[in-house]
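Visitor: Sequential numbering from 181 applies to the sequence shown in my numbering.
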Amino acid sequence: MHLDRLQEIAAEARETASSYKHCLRVCMAASCQSVGAEDVQKQLASKVEENGRQDIQVKGVGCMGLCSAGPLVRVDSPERKVSITYRQANTDDVGELYDSLDSKPVERLRCPTDIPFFARQHRVVLENSGVIDPESIDDYIAAGGYSSLVRALTEMTPEMVLEEVSVSGLRGRGGGGYPAGLKWSTVAKSLETQKYVVCNADEGDPGAFMDRAVLESDPHRVIEGMALAAYAVGANHGFIYIRAEYPLAVERLKTAVRQATRLGLLGRHICETNFSFDVEIRLAAGAFVCGEETALMASIEGQRGQPRPRPPYPAEEGLWSYPTLINNVETLANIPAIIDHGGEWFRRIGTEHSTGTKVFALAGRIENTGLIEVPMGITLREIIEEIGGGIPDGKRFKAVQTGGPSGGCLPAEHLDMPVEYDTLIKAGSIMGSGGMIVMDETSSMVDVARYFMEFCMTESCGKCIPCRAGTYQMHELLEKIGVGEGTAADLALLEDLCDVVKATSLCGLGQTAPNPVLSTLRYFRDEYMEKLQPDPLAASIAGGEV
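#1: Does the beta-carbon distance from Leu428 to Val437 come in below 8 Å?
#2: Using a Cβ-Cβ cut-off of 7 Å (strictly less than) and excluding sequence neighbours within five positions of Gly550, which residues of its own chain qualify?
#3: DSSP puts Thr504 in a beta bridge; with which residues?
#4: For Val378, count neighbouring Cβ atoms within 10 angstroms of its own Cβ and tell me buried if that reaches 16, exposed if not.
#5: If you run the structure through DSSP and keep just helix, strand and coil, what is Ala541?
#6: Fully enclosed by the region 550-580, which alpha helix (DSSP H) runs are 4 residues long or longer?
#7: Cα separation between Val726 and Met390?
#8: Am I right that Met556 and Thr582 are in contact with their C-beta atoms under 8 Å? What's the rounded C-beta distance?
#9: Alpha carbon to alpha carbon, how far is Thr435 from Arg442?
#10: Could you name the residues that DSSP lists as bridge partners for Thr265?
#11: Mind checking who Ala381 pairs with in its DSSP beta bridge?
#12: Using the rule of at least 16 other Cβ atoms within 10 Å of the residue's Cβ for burial, across every protein chain shown, is Lys261 buried or exposed?
#13: Please give me, in chain order, every unbroken run of the beta strand (DSSP E) with length at least 3 that falls completely inside the region 205-246.
#14: I'd like to know whether the C-beta atoms of Leu204 and Val255 end up nearer to each other than 8 Å.
#15: Taking Cβ to Cβ, would you say Pro296 is nearer than 8 Å to Glu593?
#16: Hey, does Arg185 have any beta-carbon neighbour from chain D nearer than 8 Å?
#17: Would you mind stating whether Tyr411 and Ile480 have Cβ atoms separated by less than 8 Å?
#18: Could you pull the start and end residues of the beta strand (DSSP E) that Cys589 belongs to?
#19: Using only CA atoms, which one of Leu512, Ile506, Cys644 and Leu604 lies nearest to Thr366?
#20: If you compare alpha carbons, which of Pro399, Ala191 and Asn231 is closest to Leu306?
#21: Is Val469 near Leu677, with beta carbons less than 8 Å apart?
#22: Pro386 by DSSP, collapsed to three states: which one?
#23: If we ignore side chains and look at the alpha-carbon of each, how far apart do Gly324 and Ala190 end up?
#24: Along the chain, where does the alpha helix (DSSP H) that runs through Leu186 open and close?
#25: Would the region 340-350 and the region 500-519 be scored as touching if the rule is three or more Cβ pairs under 8 Å?
#26: Given a threshold of 16 other Cβ atoms within 10 Å of its Cβ, counted over all protein chains shown, does Pro646 qualify as buried or as exposed?
#27: Just to confirm my understanding: we take Gly471, look at its own chain, exclude 5 residues before and 5 after, and list those with CB closer than 7 Å. What are they?
#28: Can you look up Arg438 in the DSSP assignment and give me helix, strand or coil?
#29: For Pro572 versus Glu547, is the C-beta distance shorter than 8 Å?
#30: For Cys203, name the three-state secondary structure that DSSP assigns.
#31: Name the two residues that bound the continuous alpha helix (DSSP H) containing Ala407.
#32: Could you tell me which of Pro386, Leu595 and Ala649 sits nearest to Gly614, measuring between CA atoms?
#33: Starting from the Cα of Val509, find the closest Cα among Ala467, Leu395 and Leu604 and give me that residue.
#34: Taking 8 Å as the threshold, find out whether the region 229-242 comes into contact with the region 269-276 through three or more Cβ pairs.
#35: Looking only at its chain, what residues have a beta carbon closer than 8 Å to the beta carbon of Glu425, apart from the 5 residues adjacent to it on each side?
#36: So Thr651 and Cys641 are supposed to be a Cβ contact under 8 Å. How far apart are they, rounded?
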């Protein structure tokens with residue numbers, strides 16, 4: 181594959197697209213499919229065929245973002261320079277939608293694209309989502325796909341690719357926020373001849389669906405990012421570790437790997453260079469702990485998915501004891517754009533220490549649930565009240581939980597805080613992989629803490645005692661407090677356990693499991709106190725204070 185051939189494929193795909201008077205893009209992500217999008221697409225295609233219209237294209241695309249309004253259909257009419265998005269379109273609306281193509285829009289279904297949900301976003305990772313057919317490599321190439329890889333292989337050295345990633349300031353989007361360039365450099369410096377690149381797609385946080393949506397919508401982008409990473413660090417084999425319970429993402433990944441291999445964008449001597457890279461898909465059984473990189477590697481190797489102490493770190497000694505670069509889906513999906521536009525371009529987005537954009541999954545008690553991508557540094561208020569549309573049913577905002585089970589719950593006083601790695605940590609939460617669950621005034625924060633502790637307790641692998649026993653004991657105490665049977669002594673014990681589990685657990689699951697408890701105690705302590713039974717002995721021990 182040469183750049184000329186890539187441009188030829190892109191030109192052919194664009195010429196085909198330009199021959200259509202109307203293009204009907206139907207969101208075929210899992211969320212829209214769950215409410216009938218597949219039937220809408222089939223009936224629209226049948227309607228077009230029945231009427232012999234060769235100038236109308238019906239195309240299944242990836243996630244358009246506004247999941248609460250699915251099925252979503254966007255009609256693009258280039259000649260009229262019109263693009264109209266329809267929300268909650270069902271099979272009963274197909275005839276009306278078809279008839280509107282050459283007449284007036286269906287106003288009752290119309291979703292304005294200038295609303296903050298769409299207008300306030302800055303799409304880098306999601307730039308192709310909702311636009312291209314995720315099962316068509318030609319569509320991806322027509323949108324500029326694989327041009328970064330071909331240019332890097334033919335015009336750049338591995339060191340130059342690594343330099344752009346370092347300059348970009350990109351931090352790992354999997355939760356820890358470790359600088360990508362620094363991790364890549366560690367792998368690149370190794371003299372080992374065998375190295376691996378792993379895409380961590382084991383997304384298991386409650387309320388999180390960012391990585392799954394990216395893989396369903398733009399799988400080639402992640403594969404291209406992996407290939408660029410492999411070129412930069414000197415790896416020749418990659419693994420995508422993805423949950424088997426995401427069948428749509430798995431199938432589209434398999435299709436993308438086959439297509440890329442067929443075109444010579446994966447495999448031996450890519451672009452007739454000395455660079456070779458293969459990608460293998462490994463299905464995960466759904467254990468949350470396998471999102472931790474050492475447990476993930478053990479699972480890929482065929483062992484029980486349990487973490488091990490670090491160091492050595494995977495970048496030095498990973499899969500089968502060889503240097504291994506592990507990044508999550510969103511991190512790798514940023515790489516093609518960074519190579520295409522340059523590290524300085526990416527660094528100008530966001531803030532000084534949190535560059536670029538971040539993809540979030542908005543869920544919970546919020547008007548507009550769905551997938552968004554915003555520049556780092558945007559405030560929680562802008563995300564929740566403007567992009568998210570605020571709290572439904574006239575209720576008041578109470579808290580937002582960021583970072584999944586490892587994160588914390590932040591109250592209204594933090595709504596004007598910029599969303600950055602360091603500010604979130606300071607406030608008692610974390611960025612995490614991008615889950616964002618909004619709660620209104622009806623939520624009990626004790627119940628919220630108990631829910632996340634139950635999740636961590638259930639998902640603990642049991643290897644280390646602090647996590648195995650500590651999360652169980654903390655859940656028991658939260659249960660007791662939640663039903664009004666807890667005492668001040670129980671609350672004091674709960675706080676002590678938080679400190680012990682956080683300080684002594686083997687891996688990130690246990691080390692961060694107390695965060696929802698600690699943050700709710702920090703900001704909503706009165707809700708705990710209201711549920712406590714009198715305990716004179718504990719009060720006297722504490723000097724009258726709890």
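Just so you know, even glycine gets a beta-carbon here, dropped at the ideal spot from N, CA and C.
Being a predicted model, the structure only gives us computed values, none of them experimental.
Guide: In short:
#1: What you label residue 428 is simply residue 248 of the sequence shown in a count that begins at 1. What you label residue 437 is simply residue 257 of the sequence shown in a count that begins at 1. Their beta carbons are not under 8 Å apart, which means Leu428 does not touch Val437 by this criterion.
#2: On the sequence shown, residue 550 is found 370 positions in, with the first residue counted as 1. Excluding sequence neighbours, Gly550 sits near Gly245, Leu246, Cys247, Ser248 and Leu542.
#3: Here residue 504 is taken as the residue at index 324 of the sequence shown, counted from 1. Paired residue(s): Tyr376.
#4: Taking the sequence shown and counting its residues from 1, the one referred to as residue 378 is at position 198. Val378 should be labelled buried.
#5: By one-based count along the sequence shown, residue 541 stands at place 361. Looking at Ala541 - three-state DSSP - the assignment turns out to be strand.
#6: none
#7: Translated into the one-based positions of the sequence shown, residue 726 becomes position 546. Translated into the one-based positions of the sequence shown, residue 390 becomes position 210. Since pLDDT at Val726 reaches only 47, below the 50 mark, its modelled position is unreliable, and no value is offered.
#8: Locating residue 556 in the sequence shown gives position 376, counting from the first residue. Locating residue 582 in the sequence shown gives position 402, counting from the first residue. Between Thr582 and Met556 the Cβ distance is about 13 Å, and since that is not below 8 Å, they are no contact.
#9: Along the sequence shown, read from residue 1 onward, the residue named residue 435 stands at position 255. Along the sequence shown, read from residue 1 onward, the residue named residue 442 stands at position 262. Straight-line Cα distance between these residues: approximately 11 Å.
#10: Here residue 265 refers to the residue found at position 85 when the sequence shown is read from its first residue. For Thr265, which the question treats as bridged, DSSP gives the partners Arg254 and Cys291.
#11: Along the sequence shown, one-based indexing puts residue 381 at 201. Its beta-bridge partners are Ile422.
#12: One-based indexing of the sequence shown puts residue 261 at position 81. Exposed, because fewer than 16 other Cβ atoms sit within 10 Å of the Cβ of Lys261.
#13: 236-241
#14: Position 24 of the sequence shown, counted from the start, is the residue given in the question as residue 204. Position 75 of the sequence shown, counted from the start, is the residue given in the question as residue 255. Yes, the pair counts as a contact, with Cβ atoms nearer than the cut-off.
#15: For the purposes of this step, residue 296 is taken as residue 116 along the sequence shown, with counting starting at 1. For the purposes of this step, residue 593 is taken as residue 413 along the sequence shown, with counting starting at 1. No, they are not a contact pair.
#16: The chain labelled as chain D is not found in the depicted structure, where only one protein chain is given.
#17: In the sequence shown, the residue the question calls residue 411 occupies position 231. In the sequence shown, the residue the question calls residue 480 occupies position 300. No, the pair does not count as a contact, with Cβ atoms beyond the cut-off.
#18: One-based indexing of the sequence shown puts residue 589 at position 409. Its beta strand (DSSP E) spans residues Gly588 to Pro591.
#19: The residue given as residue 366 occupies position 186 in the sequence shown. For the residues Leu512, Ile506, Cys644 and Leu604, the minimum Cα distance to Thr366 belongs to Ile506.
#20: Residue numbering aside, residue 306 sits at position 126 when the sequence shown is read from its first letter. Ranking the options by Cα distance to Leu306, first place goes to Pro399.
#21: If you number the sequence shown from 1, residue 469 lands on position 289. If you number the sequence shown from 1, residue 677 lands on position 497. In this structure, Leu677 does not lie closer than 8 Å to Val469 by Cβ.
#22: In the sequence shown, counting from the first residue as 1, residue 386 sits at position 206. Coil.
#23: Here residue 324 refers to the residue found at position 144 when the sequence shown is read from its first residue. Here residue 190 refers to the residue found at position 10 when the sequence shown is read from its first residue. Gly324 and Ala190: Cα-Cα distance of roughly 8 Å.
#24: Mapped onto the sequence shown, residue 186 falls at position 6. Segment Leu183 to Ser198, the alpha helix (DSSP H) holding Leu186.
#25: yes
#26: Along the sequence shown, one-based indexing puts residue 646 at 466. By the neighbour-count rule (16 or more Cβ atoms within 10 Å), Pro646 is buried.
#27: For the purposes of this step, residue 471 is identified with residue 291 of the sequence shown, where counting begins at 1. Answer for Gly471: Asn380, Asp382 and Gly384, listed in chain order.
#28: As a working mapping, residue 438 is identified with position 258 in the sequence shown. If DSSP states are grouped into helix, strand and coil, Arg438 belongs with the helices.
#29: Here residue 572 refers to the residue found at position 392 when the sequence shown is read from its first residue. Here residue 547 refers to the residue found at position 367 when the sequence shown is read from its first residue. A contact, by the Cβ cut-off of 8 Å.
#30: Within the sequence shown, the letter at position 23 stands for residue 203. In this structure, Cys203 counts as strand in the three-state DSSP scheme.
#31: Within the sequence shown, the letter at position 227 stands for residue 407. Here the alpha helix (DSSP H) through Ala407 covers Pro399 to Val413.
#32: Walking along the sequence shown from the start, residue 614 turns up at place 434. For Gly614, the nearest C-alpha among the options comes from Pro386.
#33: Translated into the one-based positions of the sequence shown, residue 509 becomes position 329. Among Ala467, Leu395 and Leu604, the Cα nearest to that of Val509 belongs to Leu395.
#34: no
#35: Against the sequence shown, residue 425 aligns to sequence position 245. Counting only Cβ-Cβ distances below 8 Å, and skipping sequence neighbours, we find Gly466.
#36: As a position in the sequence shown, residue 651 is number 471, starting the count at 1. As a position in the sequence shown, residue 641 is number 461, starting the count at 1. The Cβ separation is near 11 Å, so there is no contact.
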